[in-house]
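S.K.:
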Amino acid sequence: MSGKIAFAAVLMLCVGSLAGTGPNGTVPRTAVDRYLIHAMRDGVGIGIVLLSPEKARKEFVSDVNRCCVVAEIALYPAKDKGLDVSLNDFVLRVRNPEASAKPASAKVVAARLQKNAASDRDITVSPTVGVGYESAGYDPVTGTRTGGGVTRSAGVMVGIGGGPNPASTDKDRAVMETELSEKGLPEGVTSAPVSGYVYFPVARKKNAHLELQYKLNGSTVVISLP
Amino acid sequence: MRNPALWFAALLISAVLCLTARAQTNEPSPQPAERPGGNVSATQQQSPDVTDTSTPSDQAGEKKFLKESEGSGDKGRTHLRLGTVWLGASYSHYSGPYYYPYGPYGFYPGDWVYGSLWYPIWSPYYPPGHFDFNDGRGEIRLTADPKVAEVYIDGAYAGTADRLKSMWLDPGAYDLTVSAADRASFHQRVYVLSGKSLKITAKLNVDSSSKEKL
Chain V
1 MSGKIAFAAV LMLCVGSLAG TGPNGTVPRT AVDRYLIHAM RDGVGIGIVL
51 LSPEKARKEF VSDVNRCCVV AEIALYPAKD KGLDVSLNDF VLRVRNPEAS
101 AKPASAKVVA ARLQKNAASD RDITVSPTVG VGYESAGYDP VTGTRTGGGV
151 TRSAGVMVGI GGGPNPASTD KDRAVMETEL SEKGLPEGVT SAPVSGYVYF
201 PVARKKNAHL ELQYKLNGST VVISLP
Chain H
1001 MRNPALWFAA LLISAVLCLT ARAQTNEPSP QPAERPGGNV SATQQQSPDV
1051 TDTSTPSDQA GEKKFLKESE GSGDKGRTHL RLGTVWLGAS YSHYSGPYYY
1101 PYGPYGFYPG DWVYGSLWYP IWSPYYPPGH FDFNDGRGEI RLTADPKVAE
1151 VYIDGAYAGT ADRLKSMWLD PGAYDLTVSA ADRASFHQRV YVLSGKSLKI
1201 TAKLNVDSSS KEKL
């Protein structure tokens, strides 16, 4: 009896630890057609929300706009069937100019963001203004008698560099990795709808046409993103 | 610099620099077409409003103007900030025929008074309230309704919300809980990065179950 309890405790611990470290993703909507951009193939539904830079800035503490185009992807498995979710099945294609990218892992994105943050430059401009009053007397430097009066001074201090940039330390990289991982699309076999963020390491270009390709059962689903 | 023209020229240059940075910040960034009728998921609704203050000198009225370029890839950015505006006042009085090289370096018997509120260029000291930029922590700015709500970080009691408007934490992921009697609790996973500020508004709605009890 005690052996069974111990086994159950170990099992719970393992499950708990796996649940704590794995990506949680986001909450999928009630149905795939609740996504404005969605598609169905072989009973599998896929819904997409492409995050604008402003939206991504609000969603993430990490500055993901600096390296990636972020999409929230929801997958709805066919009824009574499992679906093997893998990031490798996604490709984001950019038309004009041509480019394509597979999703980057949270670890890679975090490392890239840390590197970007560390390469930032800080320039601080501080104006200084001073007003003084000098009474009549002898100037201690020249020995001449001074007339006194109001003195004014102004200047500008320009500082370059300084301490470490925000979000550029190794600790920050670990936090960014945690955030990106926890909000990322969970991988693995699932029979329930899942959704989460996917990070495509491509530069966001103005007026570029984007297209998401998803490999499903040997065929490719192509979804045009406005 | 006693010439007023030079005085104003220096101010003008700094103002132009800051306005230039602000103008570049306000440029609309390229973004894909917004889709109407978007249904926001539960996690999105609870997402924090992230602001990058980067500099902790808010107490000194410091402002930051960020020059950024969307989609700049791996290129580093230049952050142009308006630092603290220093204002000083002084009074000096010299007397006695003592002059250089004897005066300033030797005994000075005359009455010599010199006062200044602040000398930022020469002084090695920082003004009151100053703390070093980006000391390795990040800030959580919490606004809660009700203000006396209890705040828990990773399950540990941290205090009441009215006393925790600004919390400086080491970089990390934390579970933030705000709760009050007869109100639904607010839970959020927060990520703290060094030098960054996270603004969180926790509005606790009246718990419907407690209403029924009444």
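Here the protein sequences come in this chain order: V and H.
For reference, each letter of the first sequence is one residue, going 1 to 226 in the working numbering.
For reference, each letter of the second sequence is one residue, going 1001 to 1214 in the working numbering.
Glycine is no exception: its CB is placed at the ideal position from the N, C-alpha and C atoms.
From Leu185/V to Thr1201/H, what does the alpha carbon distance come to, in whole angstroms?
M.R.: 27 Å
S.K.: Are the CB atoms of Val32/V and Leu216/V nearer to each other than 8 Å?
M.R.: no
S.K.: Could you name the residues that DSSP lists as bridge partners for Tyr76/V?
M.R.: Within the DSSP bridge table, the entry for Tyr76/V names Gly45/V as partners.
S.K.: Checking the sheet assignment: what are the DSSP bridge partners for Met157/V?
M.R.: Ser126/V
S.K.: Alpha carbon to alpha carbon, what distance is there between Val125/V and Gly148/V?
M.R.: 32 Å
S.K.: Closer than 8 Å, CB to CB, is Asp80/V near chain H or not?
M.R.: Using a Cβ-Cβ cut-off of 8 Å, Asp80/V does not count as an interface residue toward chain H, since no Cβ of chain H sits closer than that to its own.
S.K.: Hey, Val175/V and Tyr1191/H are a contact pair by Cβ (cut 8 Å); roughly how many whole angstroms apart?
M.R.: Between Val175/V and Tyr1191/H a beta carbon distance of about 5 Å is seen, short of the 8 Å cut, so the two are scored as contacting.
S.K.: Considering just the uninterrupted stretch of the alpha helix (DSSP H) at Arg228/V, what are its terminal residues?
M.R.: Look at the range of chain V in this structure, 1 to 226, and you will see that residue 228/V is not part of it.
S.K.: Cβ closer than 7 Å: which chain V residues qualify as neighbours of Lys1203/H?
M.R.: Those within 7 Å of Lys1203/H in chain V number zero; the least Cβ separation is about 17 Å.
S.K.: Is the beta carbon of Asn24/V less than 8 Å from the beta carbon of Glu179/V?
M.R.: Going by C-beta atoms, Asn24/V is not nearer than 8 Å to Glu179/V.
S.K.: Distance check for Ser135/V and Pro1101/H, CA to CA, integer angstroms please.
M.R.: Any reading at Pro1101/H must be qualified, since the residue scores a pLDDT of 44, below 50, and its modelled position is unreliable; no value is offered.
S.K.: What did DSSP end up calling Thr1143/H once you bin it into helix, strand or coil?
M.R.: strand
S.K.: I need the straight-line Cα distance from Thr169/V to Gln114/V, nearest angstrom please.
M.R.: The straight-line gap from Cα to Cα measures roughly 7 Å.
S.K.: With burial defined as no fewer than 16 other Cβ atoms inside 10 Å of the residue's Cβ, what is the status of Thr1043/H: buried or exposed?
M.R.: Residue placement at Thr1043/H is flagged as unreliable, the pLDDT there being 33, under the threshold of 50; the coordinate-derived value follows with that caveat. Flag for Thr1043/H reads buried.
S.K.: With the cut-off set at 8 Å, would you say His1079/H and Asp172/V are in Cβ contact?
M.R.: no
S.K.: Let me know if Ser1194/H comes out buried or exposed under the rule of 16 or more other beta-carbons within 10 Å of its beta-carbon.
M.R.: buried
S.K.: Taking 8 Å as the CB-CB cut-off, is Pro1171/H touching chain V?
M.R.: yes
S.K.: Taking beta-carbon pairs under 8 Å, can you tell me which members of the stretch 154-178 of chain V lie near chain H?
M.R.: Ala154, Gly155, Val156, Met157, Gly159, Gly162, Gly163, Pro164, Asn165, Pro166, Ala167, Ser168, Thr169, Lys171, Asp172, Ala174, Val175, Met176 and Thr178
S.K.: I'd like the span of the alpha helix (DSSP H) that includes Lys1196/H, first residue to last.
M.R.: Element bounds for Lys1196/H: n/a, residue is neither H nor E.
S.K.: So which residues of chain H does Arg41/V contact, with C-beta pairs closer than 8 Å?
M.R.: None at all; the shortest Cβ gap to chain H is about 21 Å.
S.K.: Apply the 10 Å Cβ neighbour rule to His160/V and answer buried if 16 or more other Cβ atoms are within range, or exposed otherwise.
M.R.: For the sequence presented, residue 160/V should be read as Ile rather than His. Ile160/V should be labelled exposed.
S.K.: Any beta-carbon of chain V closer than 8 Å to the one on Gly983/H?
M.R.: Outside the shown range of chain H (1001 to 1214) lies residue 983/H, about which nothing can therefore be said.
S.K.: Show which residues of chain V have a CB atom less than 8 Å away from the CB atom of Leu1142/H.
M.R.: Residues of chain V passing the Cβ test: none, with the nearest at roughly 15 Å.
S.K.: Taking 8 Å as the threshold (C-beta atoms), are Ile73/V and Ile37/V in contact?
M.R.: no
S.K.: Using DSSP's beta-bridge definition, name the partner residues of Leu210/V.
M.R.: Val94/V and Leu225/V
S.K.: With H, G and I counted as helix, E and B as strand and the rest as coil, what does DSSP make of Leu87/V?
M.R.: In the three-state DSSP reduction, Leu87/V falls in the helix class (H, G or I).
S.K.: Quick check: what's the CA-CA separation for Ala101/V versus Glu59/V?
M.R.: Looking at the backbone, the Cα of Ala101/V and that of Glu59/V are separated by about 22 Å.
S.K.: Would the beta-carbon of Val109/V fall within 8 Å of that of Val69/V?
M.R.: no
S.K.: Less than 8 Å between CB atoms is the rule here; does Val198/V satisfy it with respect to chain H?
M.R.: no
S.K.: Quick check: is the beta carbon of Val1192/H nearer than 8 Å to any beta carbon in chain V?
M.R.: yes
S.K.: Can you find a CB in chain H that lies within less than 8 Å of the CB of Ile46/V?
M.R.: no
S.K.: Reducing DSSP to helix, strand and coil, say where Glu54/V ends up.
M.R.: In the structure shown, Glu54/V sits in a helix (DSSP, three-state: H, G or I).
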